[in-house]
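First to last, the sequence lines map onto chains D and X.
Going by our numbering, the first sequence opens with residue 62, and the numbers climb by one from there.
Going by our numbering, the second sequence opens with residue 62, and the numbers climb by one from there.
Glycine included, every Cβ here is placed at the ideal spot set by N, Cα and C.
Every value quoted in this text rests on a predicted model; they were computed, and no experiment measured them.
2 protein chains.
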Amino acid sequence: MPAPAPSHPETLTWTGGLDGHVRMIEQTLLPTRHELLEVRGVPEMVDAIRRLAVRGAPAIGVAAGYGVVLGAAGAARAGADVAQATGEAIDALWVSRPTAVNLFWALDRMRAACAAAVAEGLGGQSLAERLLEEALAIHASDRETCRLIGEHGAGLLEDGTCILTHCNAGALATGGMGTALAPVYTAHAQGKRVSVYADETRPLLQGARITCWELQQAGVPVTLITDGMAARVMSEGRVQAVIVGSDRITRGGDVCNKIGTFQVALAARHHGVPFHVAAPLSTVDTELIEGRDIPIEERAPEEITCGLGRQTAPEGVQVYNPAFDVTPRDLVTSIITEVGVVHAPSLERMEEALQRGGRM
Amino acid sequence: MPAPAPSHPETLTWTGGLDGHVRMIEQTLLPTRHELLEVRGVPEMVDAIRRLAVRGAPAIGVAAGYGVVLGAAGAARAGADVAQATGEAIDALWVSRPTAVNLFWALDRMRAACAAAVAEGLGGQSLAERLLEEALAIHASDRETCRLIGEHGAGLLEDGTCILTHCNAGALATGGMGTALAPVYTAHAQGKRVSVYADETRPLLQGARITCWELQQAGVPVTLITDGMAARVMSEGRVQAVIVGSDRITRGGDVCNKIGTFQVALAARHHGVPFHVAAPLSTVDTELIEGRDIPIEERAPEEITCGLGRQTAPEGVQVYNPAFDVTPRDLVTSIITEVGVVHAPSLERMEEALQRGGRM
């Protein structure tokens with residue numbers, strides 16, 4: 062009997078045909094309110110991505126693909142130039158967030174699909190339909206990628222393993238069952254007893270708000286800690302593996318992820334706990350080798366000084382708020398991708414995986 | 062011309078004579094409200110310590126000394142047995158918080174002063190007066206200890222140094238100018254350009270609320286970050302030293318401090334940044350050699366799930382909330398005490414410092 066499919070919430074869906082729109086979980090309201098956001102135009106999608114109503118590198122890629130369709134379909138309905146509207150939608154979405162490379166990967170894929178369709182002579186509604194097919198394909202492929210990451214990653218988890226994770230790289234960060242949490246869901250569905258420590262992940266608390274929520278929904282035991290507790294928890298022997306997601310991985314294997322990840326990796330190394338990164342190959346920036354070349358988004362000071370309902374720092378205090386950090390490849394035990402597990406990532410091993418995945 | 066005395070807020074004071082009481086900054090309201098709390102009895106002092114209205118290991122010691130006086134003076138006014146009331150006050154204050162050893166050190170000192178006075182034949186009001194003298198002496202000695210830590214520590218800071226600190230071990234954690242921040246204040250008063258990165262320090266945000274506030278008041282440039290950012294900030298070359306306080310140091314040199322400190326120490330080691338601990342010798346638990354033997358206070362889950370004005374985790378989530386962690390001596394560059402700087406702390410070097418300080 063095959064293991065039951067793991068259950069997880071649906072982050073975003075395309076409703077109906079070309080006259081449809083995007084329905085997504087409004088993640089800024091979690092965990093106290095579970096509301097759906099209906100996104101019907103390009104500016105609304107840019108806003109949703111910027112506000113983190115949808116977040117997580119793979120989910121941003123899927124959302125961006127659908128965002129392009131919203132622009133193209135709107136132009137088709139208005140009898141305007143669909144190819145031009147597609148280009149404008151891509152430009153608008155391109156600047157919605159700077160770090161997650163999946164955004165640019167998805168937009169490039171939509172641009173190439175548009176160019177190919179135009180070259181075939183398509184325009185108007187038939188061009189928009191082709192773009193919808195492409196966006197749906199991106200989503201389907203993300204779902205399948207998550208499933209494969211789950212299968213490869215679950216092989217690393219023995220019965221009884223407790224996993225520490227940072228931020229949210231679960232179902233709510235993807236169009237499928239997640240990246241970092243996919244091995245957890247898969248192992249759980251296989252009947253292994255797995256449990257999770259979730260870093261709350263300041264400033265925006267994606268761990269507390271989203272990871273805890275989706276693991277609860279799926280029936281996986283989860284314990285919430287603050288970001289400063291990971292080293293203590295490891296020193297007490299409470300975790301046997303770390304799995305995190307990534308917003309951009311260089312061809313050399315350096316891993317950009319939510320701020321705080323680097324410290325988790327240092328704590329894991331000190332305690333001899335394996336540190337795994339789970340990410341689709343679309344997260345790999347093949348242009349970059351060194352992590353120091355990744356642009357790091359700086360976000361508003363208010364996320365730190367009053368992001369939690371009340372002011373927690375004195376008026377006028379200087380704030381530094383980088384949204385991501387870079388964990389050097391030396392601290393990474395493995396990168397779990399849809400084509401398999403890259404152990405002790407190096408330029409050579411990453412390129413080998415990229416070739417297997419058809420990305421080089 | 063001597064350097065001007067550094068300016069800092071007054072954490073707590075004893076008002077008047079034996080009919081006086083304790084006036085303290087109500088630290089739970091910082092940084093948005095600066096209010097004074099008038100503490101007139103033992104239960105109120107126990108409550109203030111438990112609620113963290115007064116916090117920081119040395120300040121807790123000073124507050125506990127005064128708390129004993131409140132019990133003794135009340136008994137003297139009521140014509141009750143002052144020695145008995147003193148013992149009861151000590152017992153009540155003893156269980157107010159479990160980790161900071163200065164609390165027990167101060168209470169032991171008050172108990173010894175009481176026993177000595179009783180042996181001299183003192184009782185009633187004259188016994189209570191002797192206890193007030195002792196509590197004032199504890200406070201004065203803490204103030205002088207902070208000043209000496211500031212002088213010794215400032216010698217480690219060159220002009221232009223940027224210091225990262227975790228939690229609050231400043232004026233508001235002591236009866237004087239602080240422990241970890243004393244070298245900063247002293248270097249600043251000496252005309253050195255020093256600046257600070259302050260970890261916000263979840264869950265209770267003592268860094269954001271208190272460290273930022275008191276450094277602003279003193280005119281020292283301070284930048285607020287979240288706890289997950291320290292490693293990133295170090296990797297960008299932004300800090301040249303870490304200084305933290307401590308709630309308990311073993312005779313072997315292991316350092317217990319606010320949860321998150323251990324991770325800062327790991328990040329500092331990775332980046333070759335010196336990691337200093339500033340603490341009076343009263344912080345040393347001479348009974349313990351290994352940090353693993355220090356009891357770690359676990360606090361309420363609500364501090365993490367809704368400590369910031371709104372609920373930030375799903376209902377019913379499991380939480381782990383240790384208030385402290387232990388940084389092993391191997392990661393500690395030096396311990397700055399009132400008798401000098403203990404470089405590369407070891408059992409031998411700690412015992413040598415304790416002997417110099419008359420604690421062994």
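- [ ] Please say whether E275/X and L217/X have beta carbons closer to each other than 7 Å?
- [x] no
Task: Nearest to G252/X (by Cα), restricted to the options L73/X, P264/X, V281/X and A189/X - done: V281/X
Open item on the list: Please report the straight-line C-alpha distance between T160/X and N318/X, rounded to a whole angstrom.
Closed with: 9 Å
Open item on the list: Whole angstroms are fine: how far does the CA of E105/X sit from the CA of A340/X?
Closed with: 27 Å
Open item on the list: What does the alpha-carbon distance come out to for the pair W351/X and D315/X?
Closed with: For the record, residue 351/X in the displayed sequence is Glu; it is not Trp. Roughly 7 Å between the two C-alpha positions.
- [ ] Please name the residue, chosen from Q186/D, A146/D and G185/D, that lies closest to R172/D on a Cα-to-Cα basis.
- [x] A146/D
TODO: Assign Q416/D to one of two classes, buried (16 or more other C-beta atoms within 10 Å of its C-beta) or exposed (fewer than that).
DONE: Around the Cβ of Q416/D, a 10 Å sphere holds fewer than 16 other Cβ atoms; the residue is exposed.
Task: G313/X versus S407/X, L183/X, I199/X and G211/X, residue with shortest Cα-Cα distance - done: S407/X
TODO: Determine the DSSP secondary structure at E351/D, reduced to helix, strand or coil.
DONE: coil
Open item on the list: Counting only Cβ pairs nearer than 8 Å, list the residues of chain D close to G298/X.
Closed with: Neighbours of G298/X on chain D: none; closest Cβ ~11 Å, over 8 Å.
Task: Span separating the alpha-carbon of R410/D from that of V107/D - done: 35 Å
Open item on the list: Among E348/X, G298/X, G237/X and L225/X, whose alpha-carbon lies nearest the alpha-carbon of T322/X?
Closed with: L225/X
Task: Residue range of the unbroken beta strand (DSSP E) whose run includes I320/D - done: It is not in any beta strand (DSSP E) - I320/D carries neither H nor E in the DSSP assignment.
TODO: Use the C-beta contact count for V156/X: other C-beta atoms within 10 angstroms, 16 or more gives buried, fewer gives exposed.
DONE: By the neighbour-count rule (16 or more Cβ atoms within 10 Å), V156/X is not buried but exposed.
- [ ] Kindly indicate the opening and closing residues of the alpha helix (DSSP H) around Y127/D.
- [x] A118 to A139
Task: Within chain D, the residues that Y246/X reaches when beta carbons sit closer than 8 Å - done: Within 8 Å Cβ-Cβ: nothing; Y246/X doesn't reach chain D, min ~17 Å.
TODO: Sort G214/X, D203/X, T206/X and V143/X by Cα distance to L183/X and report the nearest one.
DONE: V143/X
- [ ] Classify C223/X as helix, strand or coil using the three-state DSSP reduction.
- [x] strand
Task: alpha helix (DSSP H) segments (min. 4 residues) lying fully within the segment 324-410 of chain D - done: 363-366
Task: Listed by chain order, chain X residues near W274/D by CB distance under 9 Å - done: Ordered by position in chain X, the residues that pass the 9 Å Cβ test against W274/D are A374, P375 and V378.
Task: Unbroken alpha helix (DSSP H) run spanning D152/X, endpoints - done: From DSSP, the alpha helix (DSSP H) with D152/X extends over V143 to W155.
TODO: Check each candidate in A328/D, V283/D and A139/D and name the one with the smallest Cα separation from E297/D.
DONE: When only C-alpha atoms are compared, the closest one is A328/D.
Open item on the list: Please state the DSSP three-state secondary structure of V162/X.
Closed with: DSSP places V162/X within a helical segment (H, G or I) once states are collapsed to three.
Open item on the list: Does A203/D pass the burial test, meaning 16 or more other C-beta atoms within 10 Å, or should it be called exposed?
Closed with: The residue asked about is misnamed: residue 203/D is Asp in this sequence, not Ala. Per the 10 Å Cβ criterion, buried.
- [ ] Keeping to the same chain, check which residues put their C-beta closer than 7 Å to that of Q423/X; ignore five residues upstream and five downstream.
- [x] Outside the shown range of chain X, which is 62 to 421, sits residue 423/X, and nothing can be said about it.
Open item on the list: Using a Cβ-Cβ distance cut-off of 7 Å, determine whether T287/D contacts chain X.
Closed with: yes
Task: Minimum Cβ-Cβ distance from R293/D to chain B less than 7 Å - done: Looking for chain B here will not work: the only protein chains present are D and X.
Task: DSSP bridge partner residues for E99/X (one or two, in chain order) - done: Per DSSP, R84/X.
Task: Alpha-carbon to alpha-carbon, F165/D and S418/D - done: A small fix is needed here, since residue 418/D is Gly in this sequence, not Ser. Straight-line Cα distance between these residues: approximately 18 Å.
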